[in-house]
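Q: Counting in the working numbering, the sequence shown runs from 17 upward without gaps.
Note that the Cβ used here is the ideal one computed from N, Cα and C, for glycine as well.
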Amino acid sequence: MRHAKRINHLGRTNSHRAALMSNMASSLIKHKRITTTLAKAKALRQYVEPLITRSKNDSTHSRRMVFSFLQDKVAVTELFREISRKVVSRPGGYTRILKTGFRQGDNAEMCIMELVDYNENYTAKETAKKTTRTRRGSGAKKTTTEKVVEEQTPIAQVVEEQTNNAVEEQVENTPE
Numbered sequence: 017m018r019h020a021k022r023i024n025h026l027g028r029t030n031s032h033r034a035a036l037m038s039n040m041a042s043s044l045i046k047h048k049r050i051t052t053t054l055a056k057a058k059a060l061r062q063y064v065e066p067l068i069t070r071s072k073n074d075s076t077h078s079r080r081m082v083f084s085f086l087q088d089k090v091a092v093t094e095l096f097r098e099i100s101r102k103v104v105s106r107p108g109g110y111t112r113i114l115k116t117g118f119r120q121g122d123n124a125e126m127c128i129m130e131l132v133d134y135n136e137n138y139t140a141k142e143t144a145k146k147t148t149r150t151r152r153g154s155g156a157k158k159t160t161t162e163k164v165v166e167e168q169t170p171i172a173q174v175v176e177e178q179t180n181n182a183v184e185e186q187v188e189n190t191p192e
């Protein structure tokens, strides 16, 4: 029985698994996106998200703690310089796993693991549509409504610009 055995050993010894996670985390930090199996991606998420959280506090101690996990100076520098600035307001959930299908040779489930703030295509769609859930009563089903995010310019500015344009056209068209 494997009660309360939370860690996925991935069929490797402890030292091999630590080296695997360190290399995959460094690759994810450097390239912002990697392709791997679903089991490795789920294990990597538990490994890399605490490191990203630690990078929000740029101190010597934090850098040394992250370096003890990654063993890569370039990845540590990238993490503390660029990635930490993008995720400073995010309370967690720095990675995204997108399933891509099955591998041809052994039918392993493959996925793409990426840092959330570095996929402009996906984040643009999320800002355009926002789903909210409302709960009405104990037996009612949850409903979702889509709210479109309003444009950056307020309506008052648009109306003012239209009236200014209309006044300018009248001034130009008046005979003298």
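#1: Beta-carbon within less than 8 Å of Val104's beta-carbon, same chain only, minus the 5 sequence neighbours each way: which residues are those?
#2: Report, in whole angstroms, the separation of the C-beta atoms of Tyr110 and Val132, which I expect to be a contact under 8 Å.
#3: Within the chosen definition, does the stretch 110–120 reach the stretch 78–92 through at least 3 CB pairs nearer than 8 Å?
#4: Distance check for Tyr138 and Glu162, CA to CA, integer angstroms please.
#5: Any idea what DSSP makes of Arg101, helix, strand or coil?
#6: For Met17, does the three-state DSSP call read helix, strand or coil?
#7: By DSSP, does Thr29 sit in helix, in strand, or in coil?
#8: My guess is that Ala59 and Leu26 are in contact by the Cβ rule of under 8 Å, so how many angstroms apart are they, rounded?
#9: On the DSSP letters alone, give me the boundaries of the alpha helix (DSSP H) that Arg79 sits inside.
#10: Nearest to Glu65 by alpha carbon, out of Ser38, Thr53, Thr76 and Thr52?
#11: Could you spell out where the beta strand (DSSP E) holding Ile50 opens and where it closes?
#12: Per DSSP, what kind of secondary structure is Ser58 in: helix, strand or coil?
A: Straight from the coordinates:
#1: Along the sequence shown, read from residue 1 onward, the residue named residue 104 stands at position 88. Within the same chain, and ignoring the five residues on either side of Val104 in sequence, the residues whose Cβ sits closer than 8 Å to its Cβ are Lys72.
#2: Along the sequence shown, one-based indexing puts residue 110 at 94. Along the sequence shown, one-based indexing puts residue 132 at 116. With a beta-carbon spacing of about 6 Å, Tyr110 and Val132 fall inside the 8 Å limit used to define contacts.
#3: Segments in contact, no.
#4: Within the sequence shown, the letter at position 146 stands for residue 162. Within the sequence shown, the letter at position 122 stands for residue 138. Annotation note: pLDDT 42 at Glu162 (below 50); position unreliable, no value reported.
#5: In the sequence shown, residue 101 corresponds to position 85, counting from 1. DSSP places Arg101 in helix when its eight states are reduced to three.
#6: Within the sequence shown, residue 17 is the residue found at index 1, counting from 1. Here Met17 carries a coil assignment [DSSP, helix/strand/coil].
#7: Position 13 of the sequence shown holds residue 29. Correct three-state label for Thr29: coil.
#8: Numbered from its first residue, the sequence shown carries residue 59 at position 43. Numbered from its first residue, the sequence shown carries residue 26 at position 10. About 6 Å; that satisfies the 8 Å criterion.
#9: As a position in the sequence shown, residue 79 is number 63, starting the count at 1. Thr76 to Leu86 is the extent of the alpha helix (DSSP H) around Arg79.
#10: Start at 1 with the first residue of the sequence shown, and residue 65 comes out as number 49. Nearest Cα to Glu65 within the set Ser38, Thr53, Thr76 and Thr52: Ser38.
#11: Residue mapping note: residue 50 aligns to position 34 of the sequence shown, counting from 1. Element bounds for Ile50: Arg49 to Thr53.
#12: As a first step, residue 58 must be located in the sequence shown, where it is residue number 42. The residue you asked about is not Ser; residue 58 is Lys in the sequence shown. Secondary structure of Lys58 (DSSP, three-state): helix.
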